[in-house]
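K.L.:
This is the structure I have questions about; it appears just below.
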């Protein structure tokens, strides 16, 4: 399964593609869509839409994952971020992909093991988990982390369902997940 | 010249198409894209994108106009509105249309003659200016008002430029515009 992670922003939209194969994540590609600030807003958004469409065409992901944002800064910035985010979401949906959303807390817990991880810790763990030669830049790293988070979440669900099928017992999925998340990342320790 | 006005929202996105022909505005079509609230966000945005694309395909506008929003409510609503607005903007730009933005103040001044106009006054003036049989619903009315605002703004620029060419004098465009906007709407009194 190929997962496309996206970290949307008006100036820089990070993207990262990974493959999940028998419990192992593998790096496929990553980058950032950089949009000049001197263009009209509609043109900037069109650039994000067109480039994400191109990323999907080129790397053919099966599913996508997006960071859920919480905002409490000034309303004008929130509106601009919302516009970029809406563009990314509709681009992915328009390309036929389901869009899963994860909070920064979920992503950090899944990738680093703690919700209080720094940006640098996320970059370092992404480099480690995907066996990259160098530290990925912040935007692609966040996008890759989001994709990894989706891979882990999906894996956990599958494992829990498998246990359920074997034992016939009712499994408390949320609690089970929490325990696993707090420990080391599964399959890439 | 055909103008598509759009009033974006997550639940209801109003649209209105008018034609500007020798200083007269003519009604072509209007409506609202209504999105069920129980769908995932990406699906809701995809619906807005797909339907606006269809509106452009069907009515073939030459240009588009969008209401500029100012937000000071809660950040979560602002983000959601931004997402809907970003989707509408990139849909229009992706369909090859230039997107002009007007503030609510500009639209009300242009259509009603005062920036303090109520929603009902906007609906009434849109009905009057476009010679509609009934009062248009709020969302299509706002979209049509936005399109009418663009028509007036474009007309004024053309007139001022015409005067300039005849007299050879330097025309103070902003002041001229302001005076005309405060009076009755030109060409449809």
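Protein chains in written order, with UniProt numbering: chain X, 1 to 189; chain D, 1 to 189. Even for Gly, the Cβ is constructed at its ideal location relative to N, Cα and C.
Of the choices X:29, X:24, X:19 and X:20, whose alpha-carbon is the least far from that of residue 141 of chain X?
P.N.:
X:29
K.L.:
What number of angstroms, rounded off, separates the C-alpha of residue 122 of chain D from the C-alpha of residue 8 of chain D?
P.N.:
When rounded, the separation of the alpha-carbon atoms in residue 122 of chain D and residue 8 of chain D is 17 Å.
K.L.:
Within the continuous alpha helix (DSSP H) that includes residue 123 of chain D, where are the two ends?
P.N.:
119-129
K.L.:
Any contact between the stretch 75-84 of chain X and the stretch 18-25 of chain X? By contact I mean 3 or more CB pairs, one from each, below 8 Å.
P.N.:
Contact check between the stretch 75-84 of chain X and the stretch 18-25 of chain X: fewer than three CB pairs, one atom from each, fall below 8 Å, which does not count as touching.
K.L.:
Give me the Cα-Cα distance between residue 10 of chain D and residue 81 of chain D, rounded to the nearest whole angstrom.
P.N.:
Each residue's Cα considered, the two are about 6 Å apart.
K.L.:
CB residue 107 of chain D to CB residue 145 of chain D, shorter than 8 Å?
P.N.:
yes
K.L.:
Give the interface partners of residue 69 of chain D over in chain X, defined as CB-CB distance under 8 Å, in chain order.
P.N.:
79
K.L.:
Give the interface partners of residue 149 of chain X over in chain D, defined as CB-CB distance under 8 Å, in chain order.
P.N.:
Chain D residues near residue 149 of chain X: none, gap ~17 Å exceeds 8 Å.
K.L.:
Report all residues from its chain with a CB closer than 6 Å to the CB of residue 1 of chain X; omit the five preceding and five following residues, and keep chain order.
P.N.:
Close CB contacts of residue 1 of chain X within its chain, under the 6 Å cut and outside five residues either way in sequence, are with 20 and 62 (chain order).
K.L.:
What does the alpha-carbon distance come out to for the pair residue 102 of chain X and residue 55 of chain X?
P.N.:
21 Å
K.L.:
Quick check: the stretch 44-54 of chain X against the stretch 65-73 of chain X, are at least 3 beta-carbon pairs closer than 8 Å?
P.N.:
Taking 8 Å as the limit for Cβ pairs, the verdict is that the stretch 44-54 of chain X does not touch the stretch 65-73 of chain X.
K.L.:
Starting from residue 47 of chain X, follow the alpha helix (DSSP H) in both directions and report where the run begins and ends.
P.N.:
41-59
K.L.:
Note down, in chain order, every chain X residue with its Cβ under 8 Å from the Cβ of residue 3 of chain D.
P.N.:
Simply none; closest approach about 15 Å.
K.L.:
What are the start and end residues of each continuous alpha helix (DSSP H) run of 4 or more residues lying completely inside the stretch 68-116 of chain D, in chain order?
P.N.:
75-94 and 104-111
K.L.:
Tell whether a beta-carbon distance below 8 Å holds between residue 3 of chain D and residue 150 of chain D.
P.N.:
Going by C-beta atoms, residue 3 of chain D is nearer than 8 Å to residue 150 of chain D.
K.L.:
Mind listing the chain D neighbours of residue 94 of chain X? Cutoff is C-beta to C-beta under 8 Å, in chain order.
P.N.:
46, 49 and 50
K.L.:
8 Å is my cut-off, CB to CB: does residue 146 of chain D come that close to chain X?
P.N.:
no
K.L.:
Does the CB of residue 154 of chain D have a neighbour CB from chain X at under 8 Å?
P.N.:
no
K.L.:
Buried or exposed: residue 134 of chain X, going by 16 or more other Cβ atoms within 10 Å of its Cβ?
P.N.:
Its Cβ having fewer than 16 others within 10 Å, residue 134 of chain X is exposed.
K.L.:
Would you list the residues sitting across from residue 31 of chain D in a DSSP beta bridge?
P.N.:
D:15
K.L.:
Is there a Cβ of chain D sitting closer than 8 Å to that of residue 193 of chain X, yes or no?
P.N.:
Past the boundaries of the shown model lies residue 193 of chain X; chain X is included only from 1 to 189, so the question cannot be answered.
K.L.:
Closer than 8 Å, Cβ to any Cβ of chain D: which residues of the stretch 26-45 of chain X, in chain order?
P.N.:
40, 41, 42, 43 and 45
K.L.:
So, under 8 Å CB-CB, residue 138 of chain D and residue 119 of chain D are touching, yes? Tell me the CB distance rounded to an integer number of Å.
P.N.:
Contact between residue 138 of chain D and residue 119 of chain D holds, since their C-beta atoms are separated by about 6 Å, short of 8 Å.
K.L.:
On a Cα-Cα basis, can you pick out the residue from X:100, X:148, X:117 and X:125 that is closest to residue 42 of chain D?
P.N.:
X:100
K.L.:
Just the chain D side, please: which residues come within less than 8 Å of residue 85 of chain X by C-beta, in chain order?
P.N.:
79, 82, 83 and 86
K.L.:
I believe residue 59 of chain D touches residue 130 of chain D by the beta-carbon criterion, under 8 Å. Please report the beta-carbon distance rounded to the nearest angstrom.
P.N.:
That belief does not hold up - the Cβ atoms of residue 59 of chain D and residue 130 of chain D are roughly 15 Å apart, past 8 Å.
K.L.:
Starting from residue 38 of chain D, follow the beta strand (DSSP E) in both directions and report where the run begins and ends.
P.N.:
Segment: none, residue 38 of chain D is in no beta strand (DSSP E) and carries neither H nor E.
K.L.:
Quick check on residue 172 of chain X: buried or exposed, where buried means 16 or more other Cβ atoms within 10 Å of its Cβ?
P.N.:
With a pLDDT of 39 at residue 172 of chain X, under the threshold of 50, the predicted position of this residue should be treated as unreliable, and no value is reported.
K.L.:
Can you tell me the Cα-Cα spacing of residue 83 of chain D and residue 111 of chain X, whole angstroms?
P.N.:
27 Å
K.L.:
When we look at the beta-carbon of residue 94 of chain D and count the other beta-carbons within 10 Å, is it buried (16 or more) or exposed?
P.N.:
Counting the other CB atoms within 10 Å of its CB gives residue 94 of chain D a total of 16 or more, which places it among the buried residues.
K.L.:
Give the single residue among X:97, X:13, X:85 and X:22 whose Cα lies nearest to the Cα of residue 57 of chain X.
P.N.:
X:97
K.L.:
What's the gap between the Cα of residue 52 of chain X and the Cα of residue 34 of chain X?
P.N.:
11 Å
K.L.:
Applying a beta-carbon distance threshold of less than 9 Å, which residues of chain D neighbour residue 17 of chain X?
P.N.:
None at all; the shortest Cβ gap to chain D is about 18 Å.
K.L.:
Tell me whether residue 132 of chain D sits in a helix, a strand or coil according to DSSP, three-state version.
P.N.:
coil
K.L.:
Out of curiosity, what's the CA-to-CA distance linking residue 114 of chain X and residue 125 of chain X?
P.N.:
In a straight line, the C-alpha of residue 114 of chain X is about 12 Å away from that of residue 125 of chain X.
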